[in-house]
Amino acid sequence: MSLRIVFMGTPDCARPSMEGLLERGHSLMVVCQPDRQRGRGRRVGQPPVKLCCDAHGLPLIQPHSVNTEEAHSLIAEFDPDLYCVVAFGQILKPDTLSIPRLGAINLHFSLLPRWRGAAPVEYAIWHGDAVTGVSTQFMVQALDAGDVIFQAEEPIRPTDTAGDLMERLSALGAEVLAETVRLIELGEARAEPQDPAGVTLAPRIKPEEGEIDWHADADSIARHIRAFNPRPGCHTQWADTSVKLWRAWPQDGEGEPGEVLAIEGDTLVLAAGQGAVALAEVQPEGRARQTGRDFANGRHLAPGHRLPAPHRSELRPAARQES
Numbered sequence: 037m038s039l040r041i042v043f044m045g046t047p048d049c050a051r052p053s054m055e056g057l058l059e060r061g062h063s064l065m066v067v068c069q070p071d072r073q074r075g076r077g078r079r080v081g082q083p084p085v086k087l088c089c090d091a092h093g094l095p096l097i098q099p100h101s102v103n104t105e106e107a108h109s110l111i112a113e114f115d116p117d118l119y120c121v122v123a124f125g126q127i128l129k130p131d132t133l134s135i136p137r138l139g140a141i142n143l144h145f146s147l148l149p150r151w152r153g154a155a156p157v158e159y160a161i162w163h164g165d166a167v168t169g170v171s172t173q174f175m176v177q178a179l180d181a182g183d184v185i186f187q188a189e190e191p192i193r194p195t196d197t198a199g200d201l202m203e204r205l206s207a208l209g210a211e212v213l214a215e216t217v218r219l220i221e222l223g224e225a226r227a228e229p230q231d232p233a234g235v236t237l238a239p240r241i242k243p244e245e246g247e248i249d250w251h252a253d254a255d256s257i258a259r260h261i262r263a264f265n266p267r268p269g270c271h272t273q274w275a276d277t278s279v280k281l282w283r284a285w286p287q288d289g290e291g292e293p294g295e296v297l298a299i300e301g302d303t304l305v306l307a308a309g310q311g312a313v314a315l316a317e318v319q320p321e322g323r324a325r326q327t328g329r330d331f332a333n334g335r336h337l338a339p340g341h342r343l344p345a346p347h348r349s350e351l352r353p354a355a356r357q358e359s
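Right, here's the structure in full:
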């Protein structure tokens, strides 16, 4: 037995879930975001889910809003049993959610109710969580607030970037989503309400939140850098140059925040508010990525040099509770 599923998703992290449903014999119609201009050249790029959809010959629509009458008409023609939503990027209104006979489910990349919102993977690393995971939920109008059907945990490794962790969660999520659909198909899905006391929020991250506060402790700075890799990237200012920071780790050291302590191997070691941070991969504005050593050599840096390090404590994250 297979279901007629409208799959809504846009980025690469949604692709394994879509392919997992296809492998299990379900009939899919796909909805993703429109093509958009990207990068410095402003070239129009197609969403990864669209490219995958084309490869499988699936019906596809790309509405600017899925909540329009035109989109509803196209979806209703497919006569769906179920929606499966994975990182789609649009809020579904009640009349949109009401179309499929079995309802709508969402795969979210956290252990709900922790980290509701657009950036759960980034916030989990940024806050130093030891474990995260994936959740499926029945969708309601409130963001990520539906009853939870199925969850699976995934440990966060000390060297994980957001990109590393998302890759594993995408694969895990595909399995969890497929199992959730199987339970719904059999009428065996059981859902539990989320505990309001455990709700924390992970809103969309703004590029300016990537500025490093060198007065923070070294562990926090290293987590910040890993959490913002690959997007939007952390940055710091050195003289007249904005420098993106891609790979770093904490280590022992003492000095004034932002002070060069050493050039060790391929790293540039800077003092933090507590401890030190070894910068292994950086990217000066308008340049390619390079090692911390190459950056230091190009700028003739030596121990005792110091970058400007104003207090930016407002950039250090607090686990926001839902009000």
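Residues in the sequence shown are numbered from 37 upward in steps of one, following the working numbering. For glycine and all other residues, C-beta sits at the position ideal for the given N, C-alpha and C. Owing to the predicted nature of the structure, the values given are computational and were not obtained by experimental measurement.
Could you give the DSSP three-state label for residue i: helix, strand or coil?
i: Leu64; result: strand
i: Arg335; result: coil
i: Arg74; result: strand
i: His92; result: helix
i: Met54; result: helix
i: Pro320; result: strand
i: Glu215; result: helix
i: Glu224; result: coil
i: Leu351; result: Bear in mind that the predicted position of Leu351 carries a pLDDT of just 47, short of 50, making it too unreliable to give a figure here.
i: Gly234; result: helix
i: His81; result: Correcting the residue identity first, residue 81 is Gly in this sequence and not His. Strand.
i: Arg329; result: helix
Candidates the options: which alpha carbon is nearest residue i's?
i: Phe114; options: Val42, Thr168, His100 and Leu57; result: Val42
i: Gln136; options: Ala332, Met65, Glu224 and Arg262; result: With the sequence shown as reference, residue 136 is identified as Pro, and Gln is not the correct amino acid for it. Of the listed residues, the one whose Cα sits closest to Pro136 is Met65.
i: Glu245; options: Phe124, Arg152, Lys86 and Tyr159; result: Tyr159
i: Leu133; options: Ala312, Gly182 and Arg259; result: Gly182
i: Pro243; options: His341, Cys270 and Glu317; result: Cys270
i: Val121; options: Ala188, Thr168, Ile241 and Gly139; result: Gly139
i: Ala233; options: Pro149, Glu105, Asn103 and Ala107; result: Pro149
i: Pro84; options: Ala107, Glu105, Val296 and Met54; result: Met54
i: Ser278; options: His251, Gln319, Asp249 and Cys68; result: Gln319
i: Thr216; options: Asn103, Ala258 and Thr172; result: Thr172
i: Val102; options: Pro293, Thr197, Gln273 and Met44; result: Met44
i: Thr197; options: Lys86, Leu281 and Ile161; result: Ile161
i: Leu179; options: Ala155, Gly164, Gly199 and Thr168; result: Ala155
i: Gly224; options: Ala307, Thr168, Phe186 and Glu203; result: Gly is not the amino acid found at residue 224; the sequence shown has Glu there. Cα-wise, what sits closest to Glu224 is Phe186.
i: Asp255; options: Gly164, Phe264 and Arg74; result: Gly164
i: Leu52; options: Leu281, Arg226 and Glu203; result: Before going further, note that residue 52 is Pro rather than Leu in the sequence given. When only C-alpha atoms are compared, the closest one is Glu203.
i: Leu47; options: His341, Phe174 and Gly81; result: The amino acid occupying residue 47 in the given sequence is Pro; Leu does not appear at that position. Of the candidates His341, Phe174 and Gly81, the one whose C-alpha sits nearest the C-alpha of Pro47 is Gly81.
i: Pro191; options: Ala166, Gly322, Phe174 and Ala207; result: Ala166
i: Asn265; options: Ile111, Leu222 and Trp282; result: Trp282
i: Glu189; options: Phe174, Gly199, Ala207 and Met175; result: Ala207
i: Ala298; options: Glu321, Leu237, His336 and Lys86; result: His336
Label residue i either buried or exposed according to how many other C-beta atoms from any shown protein chain fall within 10 Å of its C-beta, with 16 as the threshold for buried.
i: Glu350; result: Residue placement at Glu350 is flagged as unreliable, the pLDDT there being 44, under the threshold of 50; a coordinate-derived value is accordingly withheld.
i: Met37; result: exposed
i: Leu201; result: buried
i: Thr195; result: exposed
i: Gly61; result: exposed
i: Thr260; result: One point to set straight first is that residue 260 is His, not Thr, in the sequence displayed. Under this definition His260 is a buried residue.
i: Gln177; result: exposed
i: Lys129; result: exposed
i: Pro339; result: exposed
i: Glu106; result: exposed
i: Asn333; result: exposed
i: Arg262; result: buried
i: Ala252; result: buried
i: Ile127; result: exposed
i: Ala258; result: buried
i: Gln230; result: buried
i: Glu59; result: exposed
Q: Give, in chain order, every unbroken run of the beta strand (DSSP E) that is at least 3 residues long and sits entirely within the segment 156–212.
A: 167–174 and 184–191
Q: Count the CB pairs spanning the segment 198–218 and the segment 143–157 that are closer than 8 Å, and state whether there are at least three.
A: yes
Q) Counting only runs that start and end within the segment 236–318, where is the alpha helix (DSSP H) found for 4 or more residues in a row? A) 254–263
Q.
My parser needs the alpha helix (DSSP H) runs of 4 or more residues fully inside the segment 103–142; what are they?
A. 105–114 and 130–133
Q. Pairing CB atoms from the segment 324–332 with CB atoms from the segment 299–309, are three or more of them under 8 Å?
A. yes
Q) Using 8 Å as the Cβ pair cut-off and three pairs as the minimum, do the segment 311–319 and the segment 280–291 touch? A) yes
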